[in-house]
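I have placed the structure first, in the form of structure tokens, so that the comments after it can refer back to it.
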Ligand SMILES: [Zn+2]
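Chains as they are written, first to last, in the numbering used here: chain V, 10 to 99; chain U, 798 to 981.
See the structure below:
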């Protein structure tokens, strides 16, 4: 059982309480009507997909309900850290 | 108040509606029963102080803490389990949400020295570390529950009514299989 530290609950909780939410720190377009098709493609579909450190969103769905960010190694599956939504990239 | 022109019949939720045994059921060192009927409220607010003002009481600030029947489930979310018939002010016009969800869930009570083992048979959270008087949302197998540790050996479990039949029988199965080694 993988344990994930929730930065809101401030404790390690079982993975089954969480839902993965994709790559983190992807800014929504501020003025969508000005976006070209290429920019939409970039925003909607293109992800960094790194081997190693990955910044990603998780939601503590069956706990406090909050979205937060995590740095997880995509090779080892080890969580380096987790931090609250809105905090700068770690 | 917006009149939407739709009449929603009140949902009667009880053990009898769901054809569950009226309980209690005794196992080795553990007893499963239905909690007394409660008024349930889901409370939301970004600023807890506004909600404090609406309700006229201080809400618990730390996730997992409880006070006078209200548990803090998240940074902006509380769950109230109050005596049947209790109504709370709605806080109209204020940035709060006070919603009566009394019909949404059923409450079960597991008590006795074997109760923790029964809960732990399907709950991956280390509930032994949940201090008396604290509560949390978590899962039992695949079903979401709210667990409230009311005393060392007394656990109140809230479950949405569509999962209640399954959970009741899952608890019965766990009580049966943990039998002699349920004592902590
Ligand atoms: Zn949490």
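Cβ atoms here follow ideal geometry from the backbone N, Cα and C, with glycine treated the same way.
With 16 other Cβ atoms within 10 Å as the buried cut-off, status of residue i
i: residue 29 of chain V; result: exposed
i: residue 972 of chain U; result: buried
i: residue 22 of chain V; result: buried
i: residue 979 of chain U; result: The pLDDT assigned to residue 979 of chain U is 42, lower than 50, so where the model puts this residue is not dependable; a value taken from the coordinates is nonetheless given after this. Buried, since its Cβ has 16 or more Cβ neighbours within 10 Å.
i: residue 55 of chain V; result: exposed
i: residue 966 of chain U; result: exposed
i: residue 868 of chain U; result: buried
i: residue 964 of chain U; result: buried
i: residue 946 of chain U; result: buried
i: residue 929 of chain U; result: exposed
i: residue 846 of chain U; result: exposed
i: residue 939 of chain U; result: exposed
i: residue 803 of chain U; result: exposed
i: residue 961 of chain U; result: buried
i: residue 813 of chain U; result: exposed
Beta-carbon proximity of residue i to residue j, cut-off 8 Å
i: residue 61 of chain V; j: residue 80 of chain V; result: no
i: residue 77 of chain V; j: residue 17 of chain V; result: yes
i: residue 952 of chain U; j: residue 903 of chain U; result: no
i: residue 840 of chain U; j: residue 877 of chain U; result: yes
i: residue 892 of chain U; j: residue 852 of chain U; result: no
i: residue 27 of chain V; j: residue 69 of chain V; result: yes
i: residue 37 of chain V; j: residue 871 of chain U; result: no
i: residue 14 of chain V; j: residue 91 of chain V; result: yes
i: residue 937 of chain U; j: residue 831 of chain U; result: no
i: residue 881 of chain U; j: residue 834 of chain U; result: yes
i: residue 899 of chain U; j: residue 837 of chain U; result: yes
i: residue 913 of chain U; j: residue 922 of chain U; result: no
i: residue 935 of chain U; j: residue 72 of chain V; result: yes
Residue i CB to nearest heavy atom of ligand 3 below 7 Å
i: residue 958 of chain U; result: This structure lacks ligand 3; the ligands present are ligand 1.
Item to complete: Output the residue ranges of the alpha helix (DSSP H) runs that lie fully inside the region 891-956 of chain U and measure 4 residues or longer, sorted by chain position.
Response: Within the region 891-956 of chain U, the complete alpha helix (DSSP H) runs of at least 4 residues are 912-917.
Worksheet entry | Stretch-stretch touch, CB-based, cutoff 8 Å, three pairs: the region 904-923 of chain U with the region 820-840 of chain U | The region 904-923 of chain U vs the region 820-840 of chain U: in contact.
Worksheet item: Between the region 812-821 of chain U and the region 858-872 of chain U, do at least 3 Cβ pairs fall closer than 8 Å?
Response: Segments in contact, no.
Worksheet item: Among all residues, which have a Cβ less than 6 Å from at least one non-hydrogen atom of ligand 1, and in what chain order do they fall?
Response: Spelled out in chain order, the answer is V/15, V/17, V/18, V/69, V/72, V/73 and V/75.
Worksheet item: Which runs of the beta strand (DSSP E) fall wholly inside the region 821-845 of chain U and span at least 3 residues, in chain order?
Response: Counting only runs of 3 or more, we get 822-824, 827-831 and 835-842.
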